[in-house]
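Chemist: Residue numbers (my numbering), protein chains in the order written: chain A, -12 to 326; chain B, 4 to 366; chain C, 46 to 653. We put the CB at the ideal spot given by N, CA and C, even for glycine. The model shown is predicted, which means the values in this text are computed figures rather than measured ones. Have a look at this one.
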């Protein structure tokens, strides 16, 4: 995706300027990672107890065992010493093993990353597919019945607590039996299905969590889109265009739409980073085997290597998202000089 | 988000005039006004204290739908309910005893409370029989009055959002404005700071911070800490968007004109540029106040929000997160209704405000 | 030397699952259906006959749900419930088994074990002809290896604590020595007597030496048998092998084709072809999944009992009430007399004085409405608890303890007697200090928070101001185990298998790390703690059951009289299972629903 954008962007930017811009952004990544990882590490350190502490719930476990386990996981030593150790390994590409699962963190995260991206990607798609046309329509026909209806629906989507909505959907699934009660696939019959059936089965499982996750986002984007449309349609250049005899449709799509979508593009870059963490409540309620759930569990269990790797990955996603947003912004609104 | 002080009389009056014409927005305003009054006067309006337990009458259904004025014989009593008896000890099922009316009295003496420094025992209403409490919205699993807890819980739920958004918007506007307008190195550095803040995984950060600061502070205070954290993370998103808008706004002629006139750059930012982000600020603030209210629900789900026995709408709604309660004791969704109501009202009001504040809106 | 002999089951009594000495090959038809996959090779000579239960039929699968993922596939380092429920029993068997239903020991991989008269030497004999699921023989060497790994400080297993026998002169932990007698026989030599030593041996879930020795020598035994190790690479000794692990989704188990148990008709076990364990983190979802027929069994939360019971007649499941569970709930006051590392007392001396006052503790106990706790936080499904052990413990529970029914008058009288006074509805001690303290528990557990809610309200009626202090779970355990910065603390203990008092040494001994009200005492601080120590040692020092019961009952009496740990309530335990599961016999000890998984079968499995 990035390269495609770059090529299109190159059409209106001198190649060197773009290169410098991108290079400068990429240079900022290592210090950012350093800062983020240190803050996260320090906070984990500041939280009381560590991964081994919870094992003491078993009254039979001895003090010696706990101490030795601590040593085995490298939990003994001061903050700087342990962070240094982590950093040294990390720059060599070794992010360590999950304490709880004894698996390399990237193997673990890799399994979940795809699942989470499928879910949040689908809901983002749903949100944009609904929000753009509805927002434009509502903005154009301000005050009409359609506008009011769209407003009401979006308010509804914004006002319902997501966890609660998710739970209602699970109950809906259980009562009507139209949809499966959570999970990402039919784990009982999975092995006997053809690839085609497996695909259909996964889509079937995807419907409800996507609706829950997508609704709130749809509402937010739609409000934003409508607001921008209303504002842009009132601007001089739109009026001028209308005065010049362009049809409403042409004005909307050639001028107003591109103008109004601008802040939304920034939101899009931002949402790329949120893809990783935004879905965790839904993942829990729907038993979706995603990354957010893994990381939240890891935070509660103080499984340091997993938390650290997730955080670093989220940071990289964010930088990438922002870069893409800025490049898109430059493409859509040529008045903006990138950088 | 004002531009300057004195000449604002006019615009604000216009704003109010336009707002008044928007029925939905006014409905939102009225609802919010009523909610705020109700939660402020919670100690007086509620018949009990939010911790009072009637353990032998837990999961009592709401009296709201069972209020009577006349008894079966046709005699007038004023508002009353019938006493109810537990069917068996364990399965919280109740039966009305039609022979035993319990009258509702007004301006009764009940549990003591302190309100605005005044100690009092006066409550708006209460049951005439102390062993037969009145549960307008039903009782929860400890036999506490849900109506009372809604009022007290609203005090927290209705205030945190305002506080959070005030902090995060102010910082967001300033940083976004400066970065967008000055550009160059300032922009680069500020945006890296924004990225750092955004890259800090807010959710995990909150969970960890709640663990670090969770000890030995009353739960209301520790929740305030979480709100502050949310705000200090939240400003970065606003700053980014505002910067994007400022980049576009500063190309406008009137900005160039102001520059040519030699106005100070901070003054240009505050007077000419930021006011143009008003619609965004209002829309965002409107969406963000509910975000704090809903955020508390999510934190409660993870048990890091307000803790029992304190009440908040979020932690009360936790009872509704059990399928059994939802089917057998449907009144557990009452806090959900109030969350919904408050969030809707904020949205309608904000939407109306935005339309009213739009200088190009048709008169 | 005279030896005490324990024969646990008839050995060598086997003939014919497949008839004619020839075990069924994959898919071979039998009288009770066709096992898929089929069994391989001959039935071991020493095969164990499971004589109770119905004769089942081959085929079908059982679908379970559990809230968490297995963390490892290594049965030796597994230390959490989600992992143990899958590995310990269904996938790996140990030398000795335990009948969770009857709460008695039963046979396992060993056909017999014997103890020398002085109780210092234990000899175990493996069944003849046992093999791992890959066909390699199970030998004493495998046990030697697994024992060495278990007690190796570099590996660190929870089971190591069961073998630790004090320290030697150099201060190093002492362990029994292991000796291989022959391929089927091995012997432990103890450093000191331990009446429960055979249970410790029963907690070794052995793994094949030939397969894993290299990993151990290379220092990464901890990483051998991870959840992403190819499952075919993990030879097992239990009724099932691991077929697939999909993290946070499911675990699939498939019949171990070389399993060594037969039913009384000589049919080789297990009956089930497959077991699928779903990972369902949210308890609402797991409840609904069961109700809608997606899973076969469910551990029922008390609040879900009513909805399930209402539909039981219409449903295709049975709901069993197993009575009180093993998990106790209690609240303690911090009586720690030690000084912190900064030289300050852990507990404010003013509060310490209250907490060490027996009358005070008894008064508090009387003021707690345990029935109210049951009604509110346990949906009415539980009962008050007075003794240290739960009534679930068939062998050790006793009715003969001091009880503290809800009685505010009694509580007030006790307090007055102890010099406390009440002014303006508030309680003061003899020096005029208001009684005010905090009560800590973990925030994640709404049941525990709920209990504190009730207790706080009850104590207010005595004029005591008690604050609820919810902390993260790790924080709670840190408070309990090391920082000791709490006034009162509410928690619960679960039960070990077997639920024997010696398993609670760490809790009951004044020197124990889990002696929660005042741990790690160099010498018992009070007369009654001294007496409790003596009773614990006496109890563990003999295998004469009558004598052991006597000392235990005396200990229970002291414990309940002194109220150092105020026992609160036990929840009742319910299990629901589909009617078509044969031999379904849920028990209170883990794994509650499938501890006899090799005998479970589906009644509607396809007829031959």
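1. Can you determine whether any heavy atom of the ligand GDP sits closer than 7 angstroms to the C-beta of residue 43 of chain B, and answer yes or no?
2. Which one or two residues does DSSP pair with residue 511 of chain C in a beta bridge?
3. Could one say the Cβ of residue 301 of chain B lies closer than 8 angstroms to chain A's Cβ atoms, at least one of them?
4. Beta-carbon separation of residue 521 of chain C and residue 492 of chain C under 8 angstroms?
5. Residue 386 of chain C to residue 460 of chain C, Cα distance in whole Å?
6. Is there contact here, the region 188 to 203 of chain A with the region 161 to 170 of chain A, by at least three beta-carbon pairs under 8 angstroms?
7. Grouping DSSP H, G and I as helix and E and B as strand, with all else coil, what is residue 533 of chain C?
8. In chain order, what residues of the same chain lie with their CB nearer than 7 angstroms to the CB of residue 210 of chain A, ignoring the 5 residues before and after it?
9. So, is the C-beta of residue 196 of chain A closer than 8 angstroms to a C-beta in chain C?
10. Tell me, please, whether the CB atom of residue 513 of chain C is closer than 8 angstroms to any CB atom in chain B?
11. Relative to the C-alpha of residue 203 of chain C, which residue among C:584, C:639, C:548 and C:599 is closest?
12. Going by beta-carbon coordinates alone, are residue 315 of chain B and residue 171 of chain B separated by less than 8 angstroms?
13. Mind listing the chain B neighbours of residue 332 of chain C? Cutoff is C-beta to C-beta under 7 angstroms, in chain order.
14. Less than 8 angstroms between CB atoms is the rule here; does residue 333 of chain B satisfy it with respect to chain C?
15. Return the residue from the list A:9, A:16, A:303 and A:32 that minimises the CA-CA distance to residue 68 of chain A.
16. Would you mind giving the Cβ-Cβ distance between residue 148 of chain B and residue 82 of chain B, rounded to the nearest angstrom? I have them listed as a contact below 8 angstroms.
17. What did DSSP end up calling residue 229 of chain C once you bin it into helix, strand or coil?
18. Using the three-state DSSP reduction, which class does residue 313 of chain C fall into: helix, strand or coil?
19. Residue 372 of chain B by DSSP, collapsed to three states: which one?
20. In terms of residues, what are the limits of the alpha helix (DSSP H) holding residue 305 of chain C?
21. For residue 94 of chain C, name the three-state secondary structure that DSSP assigns.
22. Could you work out which residues of chain A lie near residue 245 of chain C, taking near to mean beta carbons separated by less than 9 angstroms?
23. Between C:144, C:635, C:626 and C:96, which has its C-alpha nearest residue 646 of chain C's C-alpha?
24. At a CB distance below 9 angstroms, what residues from the region 145 to 156 of chain A approach chain B? Give them in sequence order.
25. List in chain order: all unbroken alpha helix (DSSP H) runs of 4+ residues lying wholly within the region 5 to 35 of chain A.
26. Evaluate residue 184 of chain A with the Cβ neighbour count: other Cβ atoms within 10 Å of its Cβ, from every protein chain shown; 16 or more gives buried, anything less gives exposed.
27. Going by beta-carbon coordinates alone, are residue 74 of chain B and residue 104 of chain B separated by less than 8 angstroms?
28. If you run the structure through DSSP and keep just helix, strand and coil, what is residue 276 of chain A?
29. For residue 610 of chain C, does the three-state DSSP call read helix, strand or coil?
30. Quick check on residue 216 of chain A - is its C-beta less than 8 angstroms from some C-beta in chain B?
31. How is residue 628 of chain C classed by DSSP in three states: helix, strand or coil?
32. Would a check of beta-carbon distances place residue 58 of chain B closer than 8 angstroms to chain C?
33. Closer than 8 angstroms is the cut-off here; do at least three beta carbon pairs connect the region 243 to 250 of chain B with the region 275 to 290 of chain B?
34. Residue 418 of chain C and residue 499 of chain C look like a contact to me (Cβ under 8 angstroms); what is the Cβ gap, rounded to whole Å?
35. Against chain C, which members of the region 124 to 146 of chain B pass a CB distance test of less than 8 angstroms?
36. List the endpoints of the continuous alpha helix (DSSP H) containing residue 125 of chain B.
Modeler: Quick look at the numbers:
1. For the structure depicted, the ligand GDP is absent and the ligand set is empty, with no information on it obtainable.
2. According to DSSP, which records beta bridges pairwise, residue 511 of chain C is partnered with C:482.
3. At least one CB atom of chain A sits nearer than 8 angstroms to the CB of residue 301 of chain B.
4. No, the pair does not count as a contact, with Cβ atoms beyond the cut-off.
5. Between the alpha carbons of residue 386 of chain C and residue 460 of chain C lies a distance of about 34 angstroms.
6. By the Cβ test, the region 188 to 203 of chain A is in contact with the region 161 to 170 of chain A, since at least three Cβ pairs between them sit closer than 8 angstroms.
7. Here residue 533 of chain C sits in strand by DSSP.
8. Excluding residues within five positions, the ones whose Cβ falls inside 7 angstroms are 141.
9. For residue 196 of chain A, the answer is no, since every Cβ of chain C falls outside 8 angstroms of its Cβ.
10. Taking 8 angstroms as the threshold, the shortest C-beta distance from residue 513 of chain C to chain B falls below it.
11. Considering only alpha carbons, the answer is C:548.
12. Taking a C-beta distance under 8 angstroms as the contact criterion, residue 315 of chain B and residue 171 of chain B do not qualify as a contact pair.
13. Chain B residues near residue 332 of chain C: 326.
14. No, residue 333 of chain B does not count as interfacial toward chain C.
15. Residue A:32 is the option with its Cα nearest to residue 68 of chain A.
16. That pair is no contact at about 16 angstroms.
17. Secondary structure of residue 229 of chain C (DSSP, three-state): coil.
18. It is a strand residue.
19. The structure shown does not extend to residue 372 of chain B, since chain B is modelled only from 4 to 366, so the question has no answer here.
20. Unbroken run through residue 305 of chain C: none, as it is neither H nor E.
21. Looking at residue 94 of chain C - three-state DSSP - the assignment turns out to be strand.
22. Within chain A, not a single residue places a beta-carbon under 9 angstroms from that of residue 245 of chain C; the smallest gap is close to 11 angstroms.
23. Of the candidates C:144, C:635, C:626 and C:96, C:626 places its Cα closest to the Cα of residue 646 of chain C.
24. Closer than 9 angstroms at the C-beta level to chain B, one finds these residues of the region 145 to 156 of chain A: 145, 146, 147, 148, 149, 150, 151, 154 and 155.
25. Complete alpha helix (DSSP H) runs here, min 4: 16 to 33.
26. With fewer than 16 other Cβ atoms within 10 Å, it is exposed.
27. Closer than 8 angstroms, so yes.
28. DSSP places residue 276 of chain A in the coil class of the three-state scheme, outside both helix and strand.
29. Strand at residue 610 of chain C.
30. No - not a single Cβ of chain B is within 8 angstroms of the one on residue 216 of chain A.
31. Looking at residue 628 of chain C - three-state DSSP - the assignment turns out to be coil, as it is neither helix nor strand.
32. At least one chain C Cβ lies under 8 angstroms of residue 58 of chain B.
33. When C-beta atoms of the region 243 to 250 of chain B are compared with those of the region 275 to 290 of chain B, three or more pairs fall below 8 angstroms, so the two segments count as touching.
34. The C-beta distance from residue 418 of chain C to residue 499 of chain C rounds to 5 angstroms, short enough to fall under 8 angstroms.
35. When C-beta distances to chain C are compared with 8 angstroms, the residues of the region 124 to 146 of chain B below that value are 144, 145 and 146, in chain order.
36. For residue 125 of chain B, no alpha helix (DSSP H) encloses it; the enclosing beta strand (DSSP E) starts and ends at 121 to 130.
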